[in-house]
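The numbering of the sequence shown is the numbering used here, which starts it at -3 and goes up by one.
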Amino acid sequence: MILENELLKVEIVPEGAELRSVFAKNSAREYIWQRDPRFWAKSSPILFPIVGGLKNGRYQHNGQEYQLPKHGFARDSTFGLVVQTETELSFVLRADEKTKDMYPFEFDLFVHYILEEDRLYCTYEVWNNSEEEMVFSIGGHPALQLDFSNRKSWADYYLEFPDDNAVTRYYLKQGLLHTQPEFYPLQNQQLQLSGSMFQDDAWVLKNLASKKVRLGNRQEDYGVEFIFEGFPYLGLWSAPGSSFICLEPWCGVNDTAQHRGGLLEKEGIVSLSLAERWQRTWSLSVMK
């Protein structure tokens, strides 16, 4: 399914309500990773109702134990189409018997994509249809394509955090969040990227003052501005040997090794009262 204007052509599919392409017409450039299965066969999965992994793959709620795969089930579910225009697509995933075997709540998860000039907005909207408080985590996982042609490499790419002089990284060990942070000073608000920085899995950044980040390249006038206002965590990840970087806005995070399994006690968990609705939006803008 296509969104299109004079600047961009965007493709989204009902499978996972996943963003598959952001193509800039003027430069004939693709900005989204094209799912090479040798490295990673997705492009922008939606993480729901958890972000990351659970300790032992399980959690407890109201005296019952449940199992959920890493990042939940939304990314592997087919969404229904709700709205389709030239510049807007909306999808919905509703609770059913299959989801309730893994996650005991009645919910509607809407995903709205809106194209405005050179910016694409992605909004997650969650409705609590249960007869009780509902808790969840949610996140994005868009993979931005890197251009390694003409001798360009990881060394040319950086992330610019306009309101930070350092970033605080929490690393993952065997899929669980380590509780001791590492501090990385920035040079001119820039974090240098490298192919080796993700050899131990994703970077989890907390407590950022910046609510936007820019992916830039020192060899050319290139950039993607990514805004993640309202998401307390930003994940960074790439697969070894690949040519992409994921900028992942999260409301929620992996379990720690010390976590005792209760869903209500998970770090970053979002709580919705009966009939409450909740929204968060991230967006990206192509700067060339």
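All C-beta atoms, glycine included, are put in the ideal place defined by N, C-alpha and C.
Buried versus exposed call for residue i [16 or more other C-beta atoms within 10 Å across all chains shown]
i, result
"Ser133", "buried"
"Leu173", "buried"
"Asn203", "exposed"
"Asp92", "exposed"
"Ser192", "exposed"
"Ala253", "exposed"
"Val78", "exposed"
"Asp160", "buried"
"Met(-3)", "exposed"
"Gly264", "buried"
"Lys94", "exposed"
Proximal residues to residue i (C-beta, below 6 angstroms), its chain only, five neighbours per side dropped
i, result
"Cys118", "Tyr109, Trp278"
"Ser239", "Leu142, Phe144"
Rounded Cβ spacing between residue i and residue j (contact assumed at less than 8 angstroms)
i, j, result
"Leu64", "Tyr55", "7 angstroms"
"Ala198", "Trp150", "Between Trp150 and Ala198 the Cβ distance is about 16 angstroms, and since that is not below 8 angstroms, they are no contact."
"Val88", "Asp104", "6 angstroms"
"Val282", "Val220", "6 angstroms"
"Glu82", "Glu0", "6 angstroms"
For residue j and residue i, the rounded distance between their alpha carbons
i, j, result
"Glu61", "Gln170", "22 angstroms"
"Pro41", "Gln215", "30 angstroms"
"Val18", "Asp114", "10 angstroms"
"Phe224", "Asp97", "32 angstroms"
"Pro236", "Gln195", "7 angstroms"
"Gly212", "Ser269", "41 angstroms"
"Trp274", "Gly135", "13 angstroms"
"Arg31", "Gln185", "30 angstroms"
"Asn125", "Arg147", "53 angstroms"
Close beta carbons around residue i, own chain, < 8 angstroms, minus the five adjacent residues each side
i, result
"Phe179", "Ala162, Val163, Thr164, Arg165"
"Pro33", "none"
DSSP bridge partner residues for residue i (one or two, in chain order)
i, result
"Phe240", "Gln141"
"Ile8", "Leu15"
"Lys202", "Thr164, Tyr229"
"Phe132", "Val266"
"Val209", "Phe222"
"Leu155", "Leu187, Leu211"
"Glu61", "Gln56"
"Trp278", "Cys118"
"Asp104", "Arg90, Trp123"
Distance cut-off 7 angstroms: residue i Cβ against heavy atoms of the ligand MG
i, result
"Lys5", "Inclusion of the ligand MG in the displayed structure is not the case, the ligand content being empty and no account of it being possible."
Proximal residues to residue i (C-beta, below 7 angstroms), its chain only, five neighbours per side dropped
i, result
"Val131", "Leu259, Leu260, Ile265, Val266, Ser267"
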